[in-house]
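Step one of this worksheet: look at the structure below.
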Ligand SMILES: [Zn+2]
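In the numbering used here, the protein residues as written are 1007 to 1195.
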């Protein structure tokens, strides 16, 4: 790599943080630093349902929640700390950690919701591609390892290049609410 050293908002040298790993990790998302640094982390952590944002999200009143669609066993919610605009998470309502913890009906609905999420994001934002996946365990990069969540991350050609620009403006809560409304309207009944 060439060029000047780069630093995050808190002064950490992040010059070497990009360029070697996969495309998803190259996305530079300074607005995620709060999350990564644990400032929003509830006392006692995310392990118990009472402190788990994925257990709490479906119960929040309309207008405060970023939930896009509610199924019988799973729901889709916008990631509060997105890698990219429109980053959705498909979660079971049950507070389970591991993919093998899902029963067959949950497994099927999680798959169907992932497909629907892709269709909706394509319709609304004309995504060129997606990263799909689950990080299993903290060691694999799961931020909230105790509650399973499937990432649906829309990708556009060149997004790794324009993300620093978007990242600097931060993803405003209002923008997330607007995105949620667009997705909720486009989600098939
Ligand atoms: Zn949970």
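The beta carbon of each residue, even a glycine, is placed where N, CA and C say it ideally should be. Just so you know, these numbers come straight off a predicted model, no measurement behind them.
Taking 9 Å as the threshold (C-beta atoms), are residue j and residue i in contact?
i, j, result
"residue 1074", "residue 1190", "yes"
"residue 1127", "residue 1088", "no"
"residue 1064", "residue 1081", "yes"
"residue 1192", "residue 1129", "yes"
"residue 1090", "residue 1165", "yes"
"residue 1124", "residue 1108", "no"
Should residue i be flagged as near chain D, meaning a C-beta pair shorter than 9 Å?
i, result
"residue 1133", "This model lacks chain D altogether; it includes just one protein chain."
Would you please state the rounded distance, in angstroms, between the beta carbons of residue i and residue j? I believe it to be under 8 Å.
i, j, result
"residue 1152", "residue 1103", "5 Å"
"residue 1150", "residue 1058", "7 Å"
"residue 1092", "residue 1185", "6 Å"
"residue 1148", "residue 1141", "4 Å"
Which residues share a DSSP beta bridge with residue i?
i, result
"residue 1160", "1136"
"residue 1098", "1080"
"residue 1075", "1082"
Comparing the CB of residue i with every heavy atom of ligand 2, is any distance shorter than 8 Å?
i, result
"residue 1194", "Ligands present in the displayed structure are limited to ligand 1, and ligand 2 is not among them."
Given 8 Å as the limit, is there contact between the segment 1092-1101 and the segment 1144-1157, that is, 3 or more CB pairs closer than that? yes
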